[in-house]
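Using this note's numbering, you'd call the opening residue of the sequence shown number 215 and step up by one each time.
Even glycine gets a Cβ: it sits at the ideal position worked out from N, Cα and C.
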Amino acid sequence: MSTVNVMAREVAAKVVFYGPGLSGKTTSLKRIYESIKPSLRGELMSLPTEADRTLFFDFLPVRVEKVGDYALRLALYTVPGQVFYNATRKLVLQGADGVIFVADSNPGADDSNRESMANLEENLAEQGIRLDGFPLVIQYNKRDLPNAAPLEHMRASVNGRGVPEFETCATSGEGVLDTMKEMVRLVIKDLRARKVVPAPRAKRELPKLDQPEHPGLEAKIREQLNEKPAAPSKPAADPMGAVATLAPAVLVDPARAAEGCFARGDYEGCVRACAEAVQRGLSFAGGAERGSQAFLLGLDGRDVLELERRAAMGTSRIDDAAFALYVLAQTFVRLAHAGLPTPQQ
Ligand SMILES: Nc1nc2c(ncn2[C@@H]2O[C@H](COP(=O)(O)OP(=O)(O)OP(=O)(O)O)[C@@H](O)[C@H]2O)c(=O)[nH]1
Ligand SMILES: [Mg+2]
């Protein structure tokens with residue numbers, strides 16, 4: 215699931231490499247890792263078995279420098295292709311913004327290619343996502359095999375929808391980055407269509423945050439930047455409400471309190487209130503420690519830790535408070551996605 219940090223003008227999206235066992239998903243991710251500047255990527259995290267089969271998933275965070283006004287952060291995952299790992303595939307697929315389907319050109323893999331595509335469709339449907347219109351790109355991998363299945367045959371097997379397709383050889387890297395670029399293009403297009411990423415802003419204009427439901431926010435940001443408010447800001451009679459509207463019922467009040475602090479300019483109080491509300495939110499993901507709670511919810515654990523650090527330090531900066539509200543909003547979105555808290559909680 216994509217997340218947007220308006221203050222940092224950054225959007226994070228999740229892309230999943232899907233496909234049958236041994237089709238070349240992990241190898242493709244390794245090639246991407248090798249071809250990206252170290253400053254723009256994190257470490258490749260891989261959990262293989264002794265036989266090099268993906269056990270849980272591989273993960274690679276990547277920063278795509280600029281997409282219009284926004285920096286795009288991508289989290290790239292591979293699923294384990296082996297049929298019996300479907301529970302893991304479902305978990306990894308949760309909240310995906312796009313899928314690269316890696317089909318195997320080995321003629322013997324025909325059935326498993328089809329089954330894996332059907333499995334993708336089924337697992338997405340469980341999340342309420344229809345594959346039609348979803349950002350999907352196909353890699354016909356292992357095109358270097360002397361007996362590779364004819365392209366037409368591959369297309370008939372897995373690309374009935376006519377989505378963008380690329381012939382690749384993951385071992386040499388051929389075509390892998392082209393596939394990735396097309397995926398990024400589709401994800402951005404989709405994020406724009408869903409209005410997750412606003413259209414590029416006009417020159418020097420600040421994000422339009424001063425909607426009726428958050429009176430005063432834009433004015434406050436302008437103030438902090440020593441710019442004149444666009445219009446005299448109304449006294450904030452009510453908390454802004456934008457984050458509170460995302461909150462599960464039990465956390466509406468803490469969210470309103472955090473937003474109220476922000477509206478009053480009590481940034482330190484806002485950061486503290488957000489950190490407490492995030493902790494309460496995370497506790498719905500089970501009794502484990504915070505890192506694994508964040509992981510289970512699909513939250514960026516680094517953001518949670520950073521919030522706690524800023525709360526512990528005490529801060530009076532507006533951008534710390536905005537960051538805190540951002541992390542709180544993310545927590546609410548992830549909780550809603552996971553169906554937490556359940557009505558009994
Ligand atoms: N000839 C050839 N072999 C490839 C290619 N891509 C991957 N392989 C080989 O296929 C085998 C499986 O590759 P992986 O990348 O581990 O496959 P995977 O899709 O991650 O497999 P699972 O994790 O089990 O789902 C390895 O031996 C790779 O070297 C390719 O383009 N051509
Ligand atoms: Mg693998």
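The beta carbon of residue 371 sits closer than 7 Å to those of 324, 327 and 328, all from its chain and outside the five residues before and after it, given in chain order.
For residue 318, the shortest C-beta to heavy atom distance toward ligand 2 is 8 Å or greater. The C-alpha of residue 309 lies about 21 Å from the C-alpha of residue 298. Counting of Cβ neighbours within 10 angstroms places residue 331 among the buried residues, the total reaching 16 or more. One residue after another in chain order, those with a Cβ under 6 Å from a heavy atom of ligand 2 are 239, 240, 268 and 292. Excluding the 5 residues flanking it on each side, residue 513 has same chain C-beta neighbours closer than 7 Å at 544, 545 and 548, in chain order. Residue 400 and residue 528 have their C-alpha atoms some 41 Å from each other. CA-CA distance, residue 521 to residue 489, rounds to 6 Å. Sorting 542, 319 and 379 by C-alpha distance to the C-alpha of residue 515 places 542 at the top. For residue 365, the Cβ stays outside the 8 Å cut-off from all heavy atoms of ligand 1. Note on geometry: alpha-carbon atoms of residue 481 and residue 535 lie some 5 Å from one another.
Spatial neighbours of residue 487 in its own chain (CB-CB distance under 7 Å, excluding positions within 5 residues in sequence) are listed in chain order as 468, 471, 472 and 475.
Closest by C-alpha distance to residue 307, out of 380, 336, 322 and 391, is 336. Between residue 303 and residue 288, the C-beta spacing is not below 9 Å.
For ligand 1, no non-hydrogen atom lies closer than 8 Å to the CB of residue 304. Distance from the Cα of residue 252 is smallest, within the candidate group 274, 465 and 477, for 274.
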